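Undergrad: First to last, the sequence lines map onto chains A and B.
Take any residue in the first sequence, count from 1 to its spot, add 657: that is its number in the working numbering.
Take any residue in the second sequence, count from 1 to its spot, add 23: that is its number in the working numbering.
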Amino acid sequence: MSNWLLEVRNLVKDFSGTTVLKGIDLGFRRGEVHGLLGENGAGKSTLIKILTGVYGASSGEILLDGQPVRIASPLDAHRLGLGAVYQDAELIGGFTVGQNVLLGNEPGNGLIKDAEIHRQAKAIFDEIGIDIDVRREAKSLSAAEMQLVTLGTLFHRKYKVIVLDEPTARLSASEVELLFKIIQNFLSQGITIIYISHRLAEIKRICDRVTILRGGVVSATLDRDEISEERVTELMVDRSRSELETYNAGHSRQDVVLELDRLETGKLQPLSLKLRAGEVLGITAPVGGGMEQIELALGGIVRSSGTIRIDGKVARIDSPPEARTARVAIIPEDRRKQALFPNLTMADNICLPVLSSLSMFKLVLRRKKAVYGAEVMNQLNVNPRQPGTAVKFFSGGNQQKAVIGKWLKANARVYIFVEPTSGVDVGAIKEIYDIILRMAEGGAAVIVISSSTKEILSLAERVMVIRNGAVVHDAPKTACNYDQLLAISMGGRGTEIAA
Amino acid sequence: MAEKTTLEGTPVAAQAKGNVNDRKTPFLVSFLRRWGTIIVIVATGLGFALASPYFLTLSNFNNILFSMIISCLVSVGLTFVVVGGSFDLSVGLTVTTSSIVTAFLIPIMGPWAAIVCALCVGAFIGLINGFLVTYGRLSGIVVTLGMMFVLGGINIFLTDGYQIAVDYGENAFRFIGQGKIGFVAFPVLILLAVVAIMHVVATRTRPGHYITAVGDNPMAAYYSGVKVYSWLILAFMLAGLMSSIGGVILTSVSSSAQPVGGEGYLLEAFAAVFLGATVLGKGKPHVFGTLLGVFFIYMVNSGMNMVGFPFAARQLFSGVILILAVGANAMLNREEIHLKFI
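1. Could you tell me whether the Cβ of I749/A comes closer than 8 angstroms to any Cβ of chain B?
2. Exposed or buried, which one is K970/A when buried takes at least 16 other CB atoms within 10 Å?
3. Could you tell me which residues DSSP pairs with M1017/A in its beta bridges?
4. I think F78/B touches G326/B, with their Cβ atoms under 8 angstroms apart; what is that distance to the nearest whole Å?
5. Measure the alpha-carbon distance for E718/A versus N667/A and round it to whole angstroms.
6. Alpha carbon to alpha carbon, what distance is there between N762/A and K770/A?
7. Would L768/A count as contacting chain B if we go by Cβ distances under 8 angstroms?
8. Quick check on L355/B - is its C-beta less than 8 angstroms from some C-beta in chain A?
9. Under the DSSP definition of a beta bridge, which residues are partnered with W661/A?
10. Report yes or no: is there a C-beta of chain B within less than 8 angstroms of the C-beta of E763/A?
11. Just list the residues that DSSP pairs E916/A with in beta bridges.
12. Could you tell me whether the Cβ atoms of A996/A and L955/A are closer together than 8 angstroms?
13. Could you tell me which of G907/A, I774/A and V1081/A sits nearest to T676/A, measuring between CA atoms?
14. May I ask which residues mark the beginning and end of the alpha helix (DSSP H) holding I1061/A?
15. I'd like to know whether the C-beta atoms of A741/A and D822/A end up nearer to each other than 8 angstroms.
16. How many Å lie between I951/A and H1130/A at the Cα?
17. Go ahead and pull the three-state DSSP assignment for K817/A.
18. What are the boundary residues of the alpha helix (DSSP H) that E891/A is part of?
19. Do we get a CB-CB distance below 8 angstroms when we pair A258/B with the residues of chain A?
20. Would you kindly work out how many angstroms separate the C-alpha atoms of I360/B and F196/B, rounded to a whole number?
21. Apart from the five residues on each side of it in sequence, which residues of its chain come closer than 6 angstroms, Cβ to Cβ, to V665/A?
22. Count the other C-beta atoms from every protein chain shown that fall within 10 angstroms of the C-beta of G200/B, then say buried if there are 16 or more, exposed otherwise.
23. Taking Cβ-Cβ distances shorter than 7 angstroms, what residues in chain B pair up with P731/A?
24. Are the segment 841-859 of chain A and the segment 688-702 of chain A touching by the rule of at least three beta carbon pairs closer than 8 angstroms?
25. Residues in the same chain with beta-carbon distance under 6 angstroms from S266/B, minus the five sequence neighbours each way, listed in chain order, please.
26. Nearest chain A C-beta to K363/B closer than 8 angstroms, yes or no?
27. Determine whether the Cβ of K203/B lies closer than 8 angstroms to any Cβ atom of chain A.
28. Quick check on M221/B - is its C-beta less than 8 angstroms from some C-beta in chain A?
29. Is it true that the CB of V105/B sits closer than 8 angstroms to the CB of V223/B?
30. Distance check for W661/A and L721/A, CA to CA, integer angstroms please.
31. With DSSP collapsed to three states, give me the class of T119/B.
32. A734/A and T703/A look like a contact to me (Cβ under 8 angstroms); what is the Cβ gap, rounded to whole Å?
33. Suppose contacts are defined by Cβ-Cβ distances below 8 angstroms. Is F791/A in contact with G755/A by that definition?
34. Could you run through the segment 312-330 of chain B and flag, in chain order, every residue whose CB is less than 8 angstroms away from some CB of chain A?
35. Considering only C-alpha positions, which residue in the set I869/A, T890/A, R686/A and A729/A is nearest to G723/A?
36. Regarding Q1036/A and the ligand NAP, is the C-beta to nearest heavy atom distance less than 7 angstroms?
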């Protein structure tokens, strides 16, 4: 089977005891577009990160042109000709578009010929049809333009395999056409594209073959004409895991806690909703669909217009402190960057929002802090039970519990969880679900924003799907099922339902 | 049909919501951003010219250039490190060390070999700094702060705390610092040549290009196959080298090497680099801006001296101007959330 350009054999990846990839065997042909589908946690991104040197595999082989290769770092991958464009395209902000496109491959010996750089970049852009001024500064580009420029940077790098991770998440229709043209151009040079997307329509259109991952193994590889929505959904859904371990039968009461009236941001079309005490609203969307805007607006991080009422009172939330005053607690996705102080101890992290209640004469009482920290850790089952250990030494699941623990006694009225179980080991997921439901039972309004349909169905009482910044589906959970939600967020028949 | 619904959204909308910077900046703001610092520099110069008839003369201009030579070399070197995204606090004492090495070695190996050794010492100091900051994974501030103390110790050790005199017979060597071509001091010519070369290196060559890339977005540079560590090390080596050129000139100018006194260059250099970053609205340090920054600091010194202000007032004025220039620039280049406090 040496006709594969790139092949992985029995690839296994363990993350501290949790096996994410359980022996993947997969081959990629030269010059094909190979789609990669799978739910969150199915192992797509882990596989890609191994191929591009971000992670090392625990065991298994990677063969390029039939030869076993070792990919220990992104630089190795780069040298071998394996490149990737991630969702957060990385450019040098202070450089021009042209300088970015030719970065690492500038023409001229000794002196760099600026005019030549921009001429070559222009030629590349003309060839692939990108209409962006090569002399513009990269940081002035919009997100979509950055994505396109990043594709342009791949041209001179002589890659054999290019991974595109949700490349259309931020693109408009005409830009998507452009992307497909660029992909065709890559193909004509014999480059293999690995294409990750949740949008089935795109997959059907562009991919020669598609592999579906499920629970860390290859569920199936289909040829283009075998791709159908029913087939893919069926192959994607992990039946063994789909019996929901947690089920929210509903805790909602009469009184409305959160009321949004035409809440609007630059990326979110006016959204009105009412959320009752004890109600859990699940919001799901394709990546980049705009669901995170709700979190950002309610957290005071992004400017919004419209009215927010909490317990009937109008709340002005233009900054994070105002969000706190309004009693909105946000448990963000990127724990390490946005919620935790990794070098502070567990107790310090947990106590941060409630320091004043642990103080006497404005001095924080250490004993009280330790006691409170231990109490919260007991309640949330944070292990090991060591309030004095720095947070960075805890596992992902325990870190997430710490973030929740921060807000446990802060008496928030509205809790917003964003991807609450991303990077959380399987064992801790159910515990976190239970904690979330306990908060709802306590009478708070809860919003869970997640790209995992399964998670939404476990937790929510009511489900919303947001696409391109607009609500396309809004129904009680009892009226939704798994396959249907997956299809809506993948962009299949969802529109009929919304209409 | 399904396709169309998936890919909805208009390009216009995508662009409109894409970026805040697309907003048209008012002319005055963009004008001030570009020319503000230079206007302040020129206006200050004119102010002094009105106050003192001796200020706007060729000989005074010459004096200012001569007095700023070493500071300027140090600042230009530091520019590379700051552009690369790090800090170098050891540049000031590197001047002293290489000055001492020069004076120390001249009797032993003659002036030219001594100069070469001094320059190598400077570059070597940069190499160590750069190595520790990259492969050693240490913070630039901490490493170079440590290096500053180390060099301070070495300087005292080499000199026993006394100055080292250079023999008056070393005419060729003394010409480097004290010679004149026409009415222009020879070291001023060295300075201008070095600054011109460094400007070209920074703007037109691979090293300059990649150091800028590394400082701007090291991750993107890394993924592009740019050897991030090597270029940052080179930036530190350039800083060391520039400082040691300053050290050699210092020894020649005074025909001696002093055991202490390099710290002042460091502070001036930082002021100049950050003042220079605002020149032409670049927002990032660049060689030409640094040159103007140093010139401004020394011009103010000279001008206030002539008008008769006390030393304290000069310090105060320079400091206020630095904060105002950098502050005004920050006001004109508002970012969305400001959460970086270095």
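Backbone N, C-alpha and C define an ideal beta-carbon position, used for all residues, glycine too.
Computed from a predicted model, the values in this text were never measured in an experiment.
TA: Let's see:
1. Numbered from its first residue, the first sequence carries residue 749/A at position 92. Yes, because at least one Cβ of chain B sits closer than 8 angstroms to the Cβ of I749/A.
2. Within the first sequence, residue 970/A is the residue found at index 313, counting from 1. Exposure of K970/A is indicated by the presence of fewer than 16 other C-beta atoms within 10 angstroms of its C-beta.
3. For the purposes of this step, residue 1017/A is taken as the residue at position 360 of the first sequence. Beta-bridge pairing links M1017/A to L1020/A.
4. By 1-based counting over the second sequence, the position of residue 78/B is 55. By 1-based counting over the second sequence, the position of residue 326/B is 303. Indeed, because the Cβ distance is near 6 angstroms, the residues count as touching under 8 angstroms.
5. Within the first sequence, numbered from 1, the residue matching residue 718/A stands at position 61. Within the first sequence, numbered from 1, the residue matching residue 667/A stands at position 10. When the Cα atoms are used, E718/A and N667/A turn out to be separated by approximately 7 angstroms.
6. Here residue 770/A refers to the residue found at position 113 of the first sequence. Here residue 762/A refers to the residue found at position 105 of the first sequence. Cα to Cα, the separation comes out at about 12 angstroms.
7. On the first sequence, residue 768/A is found 111 positions in, with the first residue counted as 1. Yes, because at least one Cβ of chain B sits closer than 8 angstroms to the Cβ of L768/A.
8. Locating residue 355/B in the second sequence gives position 332, counting from the first residue. Not closer than 8 angstroms to any Cβ of chain A, the Cβ of L355/B fails to qualify, so no.
9. Position 4 of the first sequence, counting from 1, holds the residue named residue 661/A. R686/A, per the DSSP bridge assignment.
10. As a working mapping, residue 763/A is identified with position 106 in the first sequence. Chain B, which has a Cβ nearer than 8 angstroms to the Cβ of E763/A, makes this yes.
11. Your numbering for residue 916/A matches position 259 in the first sequence. According to DSSP, which records beta bridges pairwise, E916/A is partnered with K931/A and R966/A.
12. In the first sequence, residue 996/A corresponds to position 339, counting from 1. In the first sequence, residue 955/A corresponds to position 298, counting from 1. Not in contact: A996/A and L955/A (Cβ atoms no closer than 8 angstroms).
13. Residue mapping note: residue 676/A aligns to position 19 of the first sequence, counting from 1. The residue with the shortest Cα to Cα distance from T676/A is V1081/A.
14. As a first step, residue 1061/A is located in the first sequence; it is residue number 404 there, counting from the start. Per DSSP, I1061/A belongs to the alpha helix (DSSP H) from G1053 to L1065.
15. Here residue 741/A is taken as the residue at index 84 of the first sequence, counted from 1. Here residue 822/A is taken as the residue at index 165 of the first sequence, counted from 1. Yes; because the gap between Cβ atoms is below 8 angstroms, this pair is in contact.
16. Within the first sequence, the letter at position 294 stands for residue 951/A. Within the first sequence, the letter at position 473 stands for residue 1130/A. Whole-angstrom Cα-Cα distance: 16 angstroms.
17. What you label residue 817/A is simply residue 160 of the first sequence in a count that begins at 1. Coil.
18. In the first sequence, residue 891/A corresponds to position 234, counting from 1. For E891/A, the enclosing alpha helix (DSSP H) has its first and last residue at E886 to M893.
19. Counting from 1 along the second sequence, the entry for residue 258/B is found at position 235. Taking Cβ atoms only, chain A never reaches closer than 8 angstroms to A258/B, which makes this a no.
20. Residue numbering aside, residue 360/B sits at position 337 when the second sequence is read from its first letter. Residue numbering aside, residue 196/B sits at position 173 when the second sequence is read from its first letter. Going from the Cα of I360/B to the Cα of F196/B covers about 54 angstroms.
21. Reading the first sequence from its first residue, position 8 is the one you call residue 665/A. Closer than 6 angstroms at Cβ, skipping near neighbours: I681, L683 and I719.
22. Working through the second sequence from its first residue, we reach residue 200/B at position 177. G200/B comes out buried.
23. For the purposes of this step, residue 731/A is identified with residue 74 of the first sequence, where counting begins at 1. Within chain B, the residues near P731/A are Y245 and Y246.
24. In this structure the segment 841-859 of chain A touches the segment 688-702 of chain A; the number of beta carbon pairs closer than 8 angstroms is three or more.
25. If you number the second sequence from 1, residue 266/B lands on position 243. Within the same chain, Cβ atoms closer than 6 angstroms to the Cβ of S266/B are found at V97, G100, V114, T117, V118 and G145, the five residues on either side in sequence being excluded.
26. In the second sequence, the residue the question calls residue 363/B occupies position 340. Taking 8 angstroms as the threshold, the shortest C-beta distance from K363/B to chain A does not fall below it.
27. Locating residue 203/B in the second sequence gives position 180, counting from the first residue. It does not: the Cβ of K203/B has no partner Cβ on chain A nearer than 8 angstroms.
28. One-based indexing of the second sequence puts residue 221/B at position 198. No, M221/B lies away from the interface with chain A (no Cβ there is under 8 angstroms from its Cβ).
29. Along the second sequence, read from residue 1 onward, the residue named residue 223/B stands at position 200. Along the second sequence, read from residue 1 onward, the residue named residue 105/B stands at position 82. Contact: no.
30. Looking up residue 721/A in the first sequence gives position 64. Looking up residue 661/A in the first sequence gives position 4. Distance between the alpha carbons of L721/A and W661/A is about 8 angstroms.
31. To locate residue 119/B, count along the second sequence from 1; it is residue 96. Looking at T119/B - three-state DSSP - the assignment turns out to be helix.
32. As a working mapping, residue 734/A is identified with position 77 in the first sequence. As a working mapping, residue 703/A is identified with position 46 in the first sequence. The Cβ separation is near 15 angstroms, so there is no contact.
33. As a working mapping, residue 791/A is identified with position 134 in the first sequence. As a working mapping, residue 755/A is identified with position 98 in the first sequence. For clarity, residue 791/A is Val in the given sequence; the question names Phe instead. For the pair V791/A and G755/A, the CB atoms are nearer than the 8 angstroms cut-off.
34. Answer in chain order: no residues at all.
35. One-based indexing of the first sequence puts residue 723/A at position 66. Comparing Cα-Cα distances from G723/A to each of I869/A, T890/A, R686/A and A729/A, the minimum goes to R686/A.
36. For the ligand NAP, the structure offers nothing, since it holds no ligand at all.
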